[in-house]
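Residue 36 in our numbering is what sits at position 1 of the sequence shown, and the numbering runs on without skipping anything. Even for Gly, the Cβ is constructed at its ideal location relative to N, Cα and C. Since the structure is predicted, the reported quantities are computational estimates derived from the model, not experimental observations.
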Amino acid sequence: NTGETEPRSILCFDVEIDSTLFKFANIHFANREEWAKNQLEEFLRFVHSRGEKRILAGDFNLFKLPQYDLLDGYRLSYKHTAYESYPKDGGSLDYVAIPNELAFVQVELLEEYLSDHKALLVNIDGNPKREDSNETLRS
Numbered sequence: 036n037t038g039e040t041e042p043r044s045i046l047c048f049d050v051e052i053d054s055t056l057f058k059f060a061n062i063h064f065a066n067r068e069e070w071a072k073n074q075l076e077e078f079l080r081f082v083h084s085r086g087e088k089r090i091l092a093g094d095f096n097l098f099k100l101p102q103y104d105l106l107d108g109y110r111l112s113y114k115h116t117a118y119e120s121y122p123k124d125g126g127s128l129d130y131v132a133i134p135n136e137l138a139f140v141q142v143e144l145l146e147e148y149l150s151d152h153k154a155l156l157v158n159i160d161g162n163p164k165r166e167d168s169n170e171t172l173r174s
């Protein structure tokens, strides 16, 4: 995007936990709502074309993400528990989106600052049919 001064990225990686493969994408989208929205839409098309569903986590740079109808087939951390991850502007830019096959157990905003954003601590049930399958992930 013209005018961007910081590099933006999506880092995809896979992690095997107890013989189950979890696919992740660490997000850092553009610093403008419309650009970030376009990047999310493009990435979701890419992931869909590969037949994948990934756990998406990071700085989406989308204050209005909970209002958009973009994450079909996903659960959004903010809808599980509302929080303010970017206190400077009184909103949230940071989210975790998980495929509907998974479930949030806990979403907690940590008080310590890692940057101008606050960190999320998210506990996800990787197999909602099993009682002992909770995994803790940081974004």
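Taking the alpha carbon of residue i as the point to measure from, which residue in the options has its own alpha carbon closest?
i	options	result
Gly126	Asp49, Phe139, Asp151 and Pro134	Asp151
Phe139	Tyr118, Ile159, Glu147 and Leu155	Ile159
Val131	Lys123, Gln74 and Leu106	Leu106
Ala92	Lys114, Ile133 and Glu146	Ile133
Have a look at the DSSP bridge pairing and note the partners of residue i.
i	result
His63	Ser44 and Asp94
Thr116	Paired residue(s): none; Thr116 is not in a bridge.
Phe57	Val50
Asn73	The partner list for Asn73 (beta bridge, DSSP) is empty, contrary to what the question assumes.
Val82	Bridge partners of Val82: none, in fact.
Tyr130	Gly93
Leu111	Ala132
Tyr121	Gly126
For residue i, count neighbouring Cβ atoms within 10 angstroms of its own Cβ and tell me buried if that reaches 16, exposed if not.
i	result
Gly161	buried
Ser120	buried
Leu149	exposed
Ile29	Residue numbering for the chain in the displayed model covers 36 to 174; residue 29 lies beyond these limits and cannot be assessed.
Ile52	exposed
Leu79	buried
Val157	buried
Asp129	buried
Leu145	exposed
With C-beta atoms as the reference, is residue i less than 9 Å away from residue j?
i	j	result
Tyr118	Leu155	yes
Ser112	Val82	no
Tyr109	Asn135	yes
Phe57	Cys47	no
Pro122	Lys88	no
Leu100	Leu137	no
Determine, using beta carbons only, whether residue i comes closer than 9 Å to chain C.
i	result
Asp53	The chain inventory of the structure shown lacks chain C, comprising one protein chain alone.
Practice task
Report yes or no: do three or more beta-carbon pairs, one from the stretch 58-65 and one from the stretch 92-109, lie closer than 8 Å?
Solution key: yes
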